[in-house]
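One structure below.
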Amino acid sequence: MGIKASTIIKDDMTLEEKLAAIDKMMADAVAAAAETSDNSGNAAAPIDPADLTMCEGCQ
1113 MGIKASTIIK DDMTLEEKLA AIDKMMADAV AAAAETSDNS GNAAAPIDPA DLTMCEGCQ
């Protein structure tokens, strides 16, 4: 999963807006993983939140 920071963070946003955008993106990613969970509620593949803060080349 790769997300470009430029798609959620803009230069003219305040720090609070940037943090809120990051929180929403992470919550959406967790919700998407939950949709692929098995019957016991375990995600098919655990999400490392650090992966959401790095570019694909750094992963």
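Residue numbers (this note's numbering): 1113 to 1171.
Every residue, glycine too, gets a C-beta built ideally from N, C-alpha and C.
All figures in this text were calculated on a predicted structure; none of them were measured in a lab.
Distance between beta carbons of residue j and residue i, contact taken as under 8 Å
{"i": "M1115", "j": "A1133", "result": "Here residue 1115 turns out to be Ile, not Met, going by the sequence shown. Going by Cβ atoms, the distance from I1115 to A1133 rounds to 11 Å, so no, they are not a contact pair."}
Which of helix, strand or coil DSSP assigns to residue i
{"i": "I1134", "result": "helix"}
{"i": "E1168", "result": "coil"}
{"i": "D1123", "result": "coil"}
{"i": "D1160", "result": "coil"}
For residue j and residue i, the rounded distance between their alpha carbons
{"i": "M1166", "j": "D1160", "result": "11 Å"}
{"i": "D1140", "j": "D1124", "result": "23 Å"}
{"i": "A1145", "j": "K1130", "result": "23 Å"}
{"i": "A1162", "j": "T1126", "result": "22 Å"}
{"i": "K1136", "j": "L1164", "result": "12 Å"}
Interface flag, residue i vs chain B, CB-CB below 7 Å
{"i": "A1162", "result": "Note that chain B does not occur in the displayed structure, where there is just one protein chain."}
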